[in-house]
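A short write-up of the structure that comes next.
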Amino acid sequence: MNEYKLTIGIETHVQLKTKTKLFSGSDNDDRDTLPNTKVNHIDFGMPGALPVLNKKAVDLAMRAAFALNTKPQKYSKFDRKHYFYPDLPMGYQISQFDEPIILGGFVDIYVNNEKKKIGITRAHLEADAGKSVHPENSDYSLVDLNRSGTPLLEIVSEPDMHSSAEARAYAKEIYLLMKFAGVSNANLFYGNMRFDVNVSVSKDDVLGTRAEIKNLNSFRSVEKAVEYEYKRQVELLESGEKIIQETRGWDDSKNITYSMRSKENADDYRYMPEPDVPPIELTDEQISETEKSMPILPFTLRDKLLEKNIDPAIIDVLLESDAEYSLENTKSIINENDARQIANLIVNIEVPLRAKDTEVKISNEDRINAYKNVMLLLDSNKLSSSNAKILIEEILLSDNVADVEKLAEQKGLLQTVNTDDIMKFIAQVVSENPAAVEDIKAGQEKAIGYLVGQVMKLSQGKTNPEVAKQLISDHLKTL
Amino acid sequence: MSWPNISELVAKFNNGEISAEENVLKALELIEKNNKYNAIISINTDAAIAKAREIDQRRKSGENIGRLAGVPYIAKDNFLTKELKTTAASNMLKDYQANYQSTAIKLLEEQGAIMVAKANLDAFAHGTSTENSDFFTTANPIDMEYVAGGSSGGSAAAVALDMAPFALGSDTGGSIRLPASFCGIVGFKPTYGTVSRSGVVAMASSLDVVGVLTKNVSDAAIVQEVMTAVDPLDSTTFELEDKNFSELDNQDKKYRFGLIKEHIEGEIDPNIKAGILNMVEKLKSEGHQVEEVSIPDLPLALAVYYIVCPAEVASNLSRYDGIRYGHSTDQSNDLEEYYLNSRSEGFGAEAKRRIMIGTHVLSSGYFDAYYNKAQTVRTSLINQFNDAFTNVDFLIGPTSPSTAFKVGEKSKDPLAMYLMDIMTVATNLVGIPAISIPAGESNGLPYGLQIMANLRHDHDLFKVSKILEDIK
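Residue numbers (my numbering), protein chains in the order written: chain D, 161 to 639; chain W, 833 to 1304.
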């Protein structure tokens, strides 16, 4: 079964971070609102209602183009995509068919520490439909049009992915890019990003018949759906059956895909140029202004951190925490000499702390300065690495920290570097642990660690372990 | 019982000679008296009187009411209004009450105009005779056995019958100019994009324009001027540089006219041809130049129109699905049946015909053969008209090949009906302004002269129309 090659292409629907809808002035934020309360005559598809393009959505699409390593098209236009459904008020969706705002581009992903380029075919603007609800055991359906008209950017990848890990990494990278570029809130819980994953398997270079798994809303489900689909398709082929081209859904509790509708009779959407919305014509100036306003993006940050020899797994956690908490950790530390250590502290202490929903009050600027000062204390042996963790927790939970060293001192976290004091502890430890001393003398160097630990214990953690180790070693030689 | 010119009527209102209430009562009386012509779908009696009294009160307290102070008017029933239902003369929308108002209506009312009634049309504006109205057919004011034209037939008959000094119309392929021609009045179609379409039940979005029907050119100019404005609710509107339409002075200028060869030489009522040629002679004797101009692709305009228009119609009518408003069926077992029955019951034969044609020409496999080819010819027409306007200031010809036909005469023959638009559709495809002004009679029925100007030359078109109106 291993000879089947897996091929994956992903369509990502990204909800744009606009105040109002793509073609109307209705509030675009429908989180936790009553049904059909964020709707005006345009979203409702009243007679005579005309769509008016939201300029902000175009600006965000332009930003997305740069995030996808390309430029927006100078000319693009809208088309009507026709189908009947109760949550589609006008009987057509306004989308971009043959001249989308983004053509080409790519995304770099990392899987097993290796960089891979995933091509972008295109990305187009479109208005979302409403939501249909089919209550169980009832003979009616309900329609909520709050989402009707929400601006989406649909990003279509090339079929360049060949493993579930690559699919997951791609989905994650698109999430980071859209978040960093300010294109979307990218809140997966609220469905700000939805993935349609096209999966096929083949034994040769000719692509197999694909199944499209619709509406995946987490990285995990992207990964699991691909894994399940691979297995399903290979098993079908092995038992001599054919794959049918179809749309499939994903059951998140059972971890399986299921058939929704066959695509053998291809839908005819009767695309037609949208006469009510003039084409988008961007000037060179608009495009270069947007390019200038782009923030530093994950791929640049990642390259710079790799130059600092930071572990790719640590970088991933850092970037994700930036996206999640808007902390810009990564941007703040890329130029620091101690970037590697700071990154470790952030990932090992701060990220888990925040994941526990602990309220962090300190400002971002103070926080990053504090990290730098903690590094200084570590470098000058005034702070042990275990106390550094405690200190950082203290810092994160305070309102502001003017003097990190003073705080460490107040909390009793600084190391006692007084050699006389250490020597007293060593004398006591050596006399109390003759067996360990014998072991060391017999060449078992490990045992020295035990003695260091005992010294640390006696000094309540205020001894620098490196110093203690050296002193013990010197002391034993005199015995 | 006829009306003075709008400027005169407003002057009389302003100096207290006549009240808005008197105007409204007169209009309501004439509407009532001419009930038998079936021009009107709904009457705004109470609200119109109330508004008139309020306007009279405001005038008395010294307020300047506006350019159309106290002037009653009639809206085609595809303009969304808060005061009356908007039916588009269709069973689909027969009980539809809009929750917002069309921009054109808003602009008129801001200047003190008062809507007294809403006029009949072919359902969803599909037709040339109002025989496609799902309610009733409007009779021609000159002879009731004849149609008033369409689709703005109710508006045209209403103005011809003096129910109001002006009526609103929409023009997608001739829907203002043809009934104006049939009823012996003035009908103006502006440059595409000069008047907002927001709140007008859409027929074919790239062709639809909002215009006016009046008894004379200067009235049309005032009303059109009031409605001409950029509207943030309609992205196809643009700022027209010269929109002082009501300034019709400076009439000494001599113009170059092009008589459209394809229109004057086609199949046409000989009396109409003779009348138009007679006007050409008069123009020449007044010192204007007239030459014959050919637009080679003009004979293709109707074919192009009946691809582009149904495609957009089919698309625009898809929102009428019975889910949110409009007619919904009582008979269905599932969603598909619900759609089928709601739409089958709510749409008339002509709407269905256009939905079928439009759906077909947009289908995959046919799109290039029909829609794309039609757009190619449309572009070529735009270029040919533009070329023509480098040599002449205006193009002239008849508005239609014949006078009004008898009620029922063509209603079984959609193609014969479509041919009535043969002289008007090209301007909608190209976007240029055009007007029909009364030019004479043939066998007792009126016909119009159509004058076209280049894009954005609406003001010039009004000026020259005034000259031609006076010549006649």
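Using N, Cα and C, we set each Cβ at its ideal position, and we do this for glycine too.
query, result
"Going by Cα to Cα distance, which pick from Asp975(W), Leu1227(W), Asn870(W) is closest to asparagine 1275(W)?", "Asp975(W)"
"Kindly provide the ranges of any beta strand (DSSP E) runs that are 3 or more residues long and lie completely inside the region 341-413 of chain D, ordered along the chain.", "353-362, 371-376, 406-411"
"Can you pull out the residues from the region 163-193 of chain D whose beta carbon lies closer than 7 Å to at least one beta carbon of chain W?", "none"
"What are the boundary residues of the alpha helix (DSSP H) that includes aspartate 539(D)?", "524-539"
"Among Thr1259(W), Ala882(W), Phe1237(W), Asp1003(W), which has the Cα closest to the Cα of methionine 1249(W)?", "Phe1237(W)"
"Put lysine 1295(W) into one of helix, strand or coil per three-state DSSP.", "helix"
"Run through DSSP, which three-state label would glutamine 1207(W) get?", "helix"
"Can you tell me which of Asn847(W), Ala1061(W), Met1252(W) puts its alpha carbon nearest to the alpha carbon of serine 983(W)?", "Met1252(W)"
"Once DSSP output is grouped into helix, strand and coil, what is the label at valine 1032(W)?", "strand"
"Run down chain D in chain order and give the residues with a C-beta less than 7 Å from the C-beta of aspartate 909(W).", "None at all; the shortest Cβ gap to chain D is about 11 Å."
"Three or more C-beta pairs under 8 Å: does that hold for the region 1262-1278 of chain W against the region 1009-1020 of chain W?", "yes"
"Taking all protein chains shown into account, do 16 or more other C-beta atoms lie within 10 angstroms of the C-beta of proline 973(W), making it buried, or fewer, making it exposed?", "buried"
"With respect to the alpha helix (DSSP H) encompassing glutamate 314(D), which residues constitute its N-terminal and C-terminal limits?", "From DSSP, glutamate 314(D) is part of no alpha helix (DSSP H) but of the beta strand (DSSP E) over 311-317."
"Nearest to leucine 940(W) by alpha carbon, out of Ser1002(W), Lys1105(W), Thr1060(W)?", "Thr1060(W)"
"Would you say valine 1257(W) reaches chain D, if we count a Cβ-Cβ gap shorter than 7 Å as a contact?", "no"
"Rounded to a whole number of angstroms, what is the C-alpha to C-alpha distance between phenylalanine 340(D) and serine 308(D)?", "26 Å"
"CA-CA distance, glutamine 253(D) and phenylalanine 968(W)?", "35 Å"
"In this structure, how does DSSP classify phenylalanine 1217(W) when only helix, strand and coil are distinguished?", "helix"
"Taking CB distances under 7 Å as the criterion, tell me whether methionine 420(D) reaches chain W.", "no"
"What residues in the region 254-272 of chain D have a beta carbon less than 8 Å from any beta carbon of chain W?", "none"
"Quick check on the DSSP output: the alpha helix (DSSP H) that includes alanine 879(W) runs from which residue to which?", "877-892"
"Name the DSSP beta bridge partners of phenylalanine 1020(W), please?", "Val1044(W), Ile1267(W)"
"Which full runs of the beta strand (DSSP E) of 3+ residues lie inside the region 565-632 of chain D, going along the chain?", "none"
"Strictly under 7 Å for the Cβ-Cβ distance: is leucine 557(D) near chain W by that measure?", "no"
"In angstroms with no decimal places, state the Cα-to-Cα distance between phenylalanine 204(D) and glycine 944(W).", "31 Å"
"How close, in whole Å, do the beta carbons of asparagine 200(D) and serine 184(D) come, if the pair is a contact with beta carbons under 8 Å?", "5 Å"
"Hey, could you find the ends of the alpha helix (DSSP H) histidine 1192(W) is sitting in?", "1181-1194"
"Ends of the alpha helix (DSSP H) at glutamate 274(D)?", "That residue, glutamate 274(D), is in no alpha helix (DSSP H); its beta strand (DSSP E) goes 274-287."
"Name, please, each residue of chain W whose Cβ falls closer than 8 Å to the Cβ of tyrosine 252(D).", "Ser1147, Ser1150"
"Could you give the C-beta distance for asparagine 624(D) and asparagine 541(D), rounded to a whole number, given that I count them as a contact under 8 Å?", "5 Å"
"Helix, strand or coil, according to DSSP, for methionine 206(D) in the structure here?", "coil"
"Out of curiosity, what's the CA-to-CA distance linking glycine 603(D) and alanine 562(D)?", "48 Å"
"Taking the C-alpha atoms as reference points, what is the distance between isoleucine 1303(W) and isoleucine 1228(W)?", "15 Å"
"For threonine 1004(W), count neighbouring Cβ atoms within 10 angstroms of its own Cβ and tell me buried if that reaches 16, exposed if not.", "buried"
"Fully enclosed by the region 447-525 of chain D, which alpha helix (DSSP H) runs are 4 residues long or longer?", "458-467, 472-485, 489-493, 499-505, 511-515"
"Rounded to whole angstroms, how far is the Cβ of aspartate 559(D) from the Cβ of lysine 521(D), which I believe are closer than 8 Å?", "5 Å"
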